[in-house]
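Chains A and B, in that order, give the protein sequences. Each step along the first sequence adds one to the number in my numbering, with nothing skipped, and position 68 is 68. Each step along the second sequence adds one to the number in my numbering, with nothing skipped, and position 138 is 138. Ideal Cβ positions, reconstructed from N, Cα and C, are used throughout, including at glycine.
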Amino acid sequence: MAVVLIFVSLGWSHQNVNDLSKLRNSKLSPVIMIPGSSATENRFDTLVKKLNKNNRNPHSLIKIQVSTEGKLHFTGQLKKGDTEPVFVVGFANNHDGYDNIKKQAKWFNLAFKAITKQYNFNNFKAIGHSNGGLIYTAFLENYYSQYADQITIKQLMTIGSPYNFNEKSVQHKTQMLSDFIQNRSKIPKNLSVYFVAGTETYNSDGLVPLGSVMAGKYIYQGQVKHFTTISVSGSDAQHSDLPQNDQIIDLINRYILDPKKLPQNQQGAISMDGQ
Amino acid sequence: MINRLLNFSAQVRNTKLASAVRNTFTLLFPIMLLGGFAETIKFVFLNKNGYMSQMFGIYQWFPYDKEIGWVMGVIFHCTIDMIALYAAFGIAYYTAKEYQKEGAIAGVVGLLAYLIVSFQPLGGGIPNFSHFLMSEGMLFALVVGYFSSRLTISFEDSQIDDHLKIILPIFIVMLLAALLNLASLSLLRLEIPTYVASFVVKHTQFNALLYVLGMGVLTNILSWMAVGGPFSGSPTFTDTASMGNMNAALKTGNSWNVPYKYTDTTLFHSFANFGGSGVMIALIIAILIFSKKKRTRDVSHWSIFPAIFNNHYAMMLGIPVLFNPVFLVPFIIVPLFNMIVAAIFISLHWIPIAAYPVPLGTPGPLIAFIGTNGNWLTLILGAFLLVIDVLVYWPFVKLSDRISQKAGEINEN
């Protein structure tokens, strides 16, 4: 009996490793998110929960916190069969300010490098909320080129990102915006970019002026393949509520995530996951 | 010295609390034994990720596998998955009995208290309970049930009005339990297993090894105390360290050089969990060979089937191993020894690392064998460790026989 089990196990093991090697070539297409200042890697929990609602293949949520010394702390797991996991990269030092954004871009690069080593993918989608969008811009201009051969960034969505900080008018360019515009040629040309702005009043989401969000067009417009700006209003259009705004979740589903396979006819019978 | 220890253990065995706990386990044993059978059949034989299911393709050809799996699943969820609930009732009932009081009322109060403690309103208004507290929180259940029972009993002896005698303790228990519920909400949000995995990733190999050994010991101590520890459950193979290992192994075509050599998967689950916590299958074998006590042997016979597939509940309750000081030492030493030997073999490059995923409920030494994609030395090492483990358990089985004999004598006097 034991001998039978040993040999059956051996055969199964070889077959399984064979299958896994094949599977390894079918790559992931993750979504990598960066929260804004003062927010942690838990910032997008609600967003992911909403994305996963009624989804037969829910997205895994893997969080990475980068310490000020550049050490990484991972939580969460890749679910079996999920090809589109969500990574959220948060920073122990999540303060505002251009100097910090430069540091955070450097830290994000460390996390990104670790993700590319741990998981196999050749393309990804990016979402940045508030300063997260600025960190992404800094990352694309200063660090992304080293990966560009192997890994394509397909879409970037920035949500309420203050490209000109609190300045309403582009007449007054901050140092950061000037730098971003100066280095815009390093941003990949085949990228599709979506700017989402919340509007609580006619010109602000309550925190970030609409003009500051739209100032980002001087960086991206004309440089990337597609550039779209969208403004949302109504409930949850206040700056901090944007990541759980249902309209924005709809936009993410439509523009950022891979198209869903058509749902098969659900059988009413039995499906139980006791694990 | 040994005699004194024997006497002391035997006396502890005969206290009211110990006797109530033992009676509770006796009550739970048949329920959890059958629950264990159901769990094994569902997760190992019928579930797509189960060992037998994978090996013999059962999920493909077996008729009505889904329906049978459903039935087994219901039985499992309402027994082992809610084990703490039965424990809360049992301990409260038998505590009252020990004090020669009405058991049913105390039992219901204990049940009520634990239901309140573990209630977590998560889904739209349907009763929903903390899975952790229900399935792994038996220690808490015993504590809550015991004190509820004592409180109820104490009111029964008092001079107050007859109606109040029942209503007042129930009211107090309700209130305290609800407050406990509030307190536990914040405590249970920790994601310990993934934290362990990320520790392993962040630190040097040697630190990781010490950490995994320490966490393994902690898991077994907690498991002996009927609480889920950091490594409870099966390996998931989806944490960062395992993913990294598997990727490296698939890339190079073998698992000799992987980034994280000492993790819960490569050491604890692969070498220290044969038959469940404390290498339970070794205890079963030791009892069947060396024990003369009929009841213990019967329990072991019954527990073989689930234990082959690493389901240890029946043994934990039946012998019992839970809270049993006699078995605490081997229960910790045996897995620790296995992990250390395996770590030495790994560090000397004698065996590759278990980096490939293993189906649910794979029997003992086959775990590392499959995990290394069929390395023969790994299999031999596993079998060899199992033999040593049985020998380590041997004196403790003898000791246990002697203590229960002694306890029987004291009882008779």
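Beta-carbon neighbours of residue i, restricted to chain A and to distances below 8 Å
i, result
"Pro363 of chain B", "Leu5"
"Tyr356 of chain B", "Ser13, Asn16, Val17, Leu20"
"Leu366 of chain B", "Leu5, Ile6, Ser9"
is_contact[residue i, chain B] using C-beta, thresh 8 Å
i, result
"Ser9 of chain A", "yes"
"Leu28 of chain A", "no"
"Leu78 of chain A", "yes"
"Met1 of chain A", "no"
"Gln266 of chain A", "Because the pLDDT at Gln266 of chain A is just 39, under 50, the model does not fix this residue reliably, and the point stays unresolved."
Anticipated Cβ contact below 8 Å, residue i with residue j, distance rounded
i, j, result
"Met52 of chain B", "Tyr119 of chain A", "Rounded, the Cβ-Cβ distance is 31 Å, inconsistent with contact."
"Phe44 of chain A", "Val88 of chain A", "5 Å"
"Leu156 of chain A", "Val193 of chain A", "5 Å"
"Ile68 of chain B", "Leu46 of chain B", "6 Å"
"Gly103 of chain B", "Tyr93 of chain B", "4 Å"
"Ile153 of chain A", "Phe124 of chain A", "6 Å"
Min CB distance residue i to chain A below 8 Å
i, result
"Leu379 of chain B", "yes"
"Tyr89 of chain B", "According to the sequence shown, residue 89 of chain B is Phe rather than Tyr. By this cut-off, Phe89 of chain B is not an interface position."
"Gln54 of chain B", "yes"
"Gly137 of chain B", "no"
"Leu210 of chain B", "no"
"Asn14 of chain B", "no"
"Asn3 of chain B", "no"
Within chain B, the residues that residue i reaches when beta carbons sit closer than 9 Å
i, result
"His14 of chain A", "Asn373, Gly374"
Same chain only: Cβ atoms within 8 Å of residue i, ignoring 5 sequence neighbours per side
i, result
"Val326 of chain B", "Ser9, Phe396, Leu399, Ser400, Ile403"
"Ala383 of chain B", "Pro365"
Distance cut-off 7 Å: residue i Cβ against heavy atoms of the ligand SAH
i, result
"Leu348 of chain B", "Annotation note on the ligand SAH: not contained in the displayed structure, which lists no ligands."
Sequence-distant residues of its chain with Cβ nearer than 6 Å to residue i (five each side left out)
i, result
"Trp394 of chain B", "Ala286, Phe290"
"Tyr220 of chain A", "Val193, Phe227"
"Val358 of chain B", "Ile367, Ile370, Gly371"
"Arg184 of chain A", "Ile219, Gln223"
"Val86 of chain A", "Val31, Val48, His59, Leu61"
"Met246 of chain B", "Ala355"
Contact set between residue i and chain A, taken where Cβ atoms lie within less than 9 Å
i, result
"Phe369 of chain B", "Ile6, Ser9, Leu10, Ser13"
"Asn247 of chain B", "Arg24, Lys117, Gln118, Tyr119, Asn120"
Per-residue contacts from residue i into chain A (C-beta, under 7 Å)
i, result
"Thr240 of chain B", "Phe74, Gln118"
"Gly244 of chain B", "Gln118"
Beta-carbon contacts of residue i that lie in its chain and below 7 Å, excluding the five residues immediately before and after
i, result
"Ile41 of chain B", "Met72"
"Asn311 of chain B", "Gly36, Glu39, Thr40, Gly276"
"Thr204 of chain B", "none"
"Gly70 of chain A", "Trp107, Leu110"
"Leu391 of chain B", "none"
"Gln104 of chain A", "Phe91, Ile135"
Alpha-carbon to alpha-carbon, residue j and residue i
i, j, result
"Val217 of chain B", "Val279 of chain B", "12 Å"
"Ser135 of chain B", "His269 of chain B", "20 Å"
"Ile380 of chain B", "Ser149 of chain B", "51 Å"
"Phe7 of chain A", "Ile91 of chain B", "46 Å"
"Lys225 of chain A", "Leu72 of chain A", "33 Å"
"Ser60 of chain A", "Gly364 of chain B", "30 Å"
"Thr152 of chain B", "Ser184 of chain B", "23 Å"
"Lys97 of chain B", "Ile332 of chain B", "33 Å"
"Phe25 of chain B", "Ala87 of chain B", "8 Å"
"Leu110 of chain A", "Ser67 of chain A", "11 Å"
"Lys189 of chain A", "Ile80 of chain B", "57 Å"
"Cys78 of chain B", "Ile32 of chain A", "40 Å"
"Leu288 of chain B", "Pro306 of chain B", "16 Å"
"Tyr163 of chain A", "Lys173 of chain A", "9 Å"
"His131 of chain B", "Leu175 of chain B", "22 Å"
"Val387 of chain B", "Gly57 of chain B", "31 Å"
"Ile284 of chain B", "Met316 of chain B", "11 Å"
"Gly11 of chain A", "Asp19 of chain A", "12 Å"
"Phe345 of chain B", "Thr266 of chain B", "12 Å"
"Gly216 of chain A", "Ser169 of chain A", "12 Å"
"Gly214 of chain B", "Ala282 of chain B", "22 Å"
"Ala272 of chain B", "Ile105 of chain B", "43 Å"
"Ser178 of chain A", "Tyr147 of chain A", "25 Å"
"Gly145 of chain B", "Asn57 of chain A", "41 Å"
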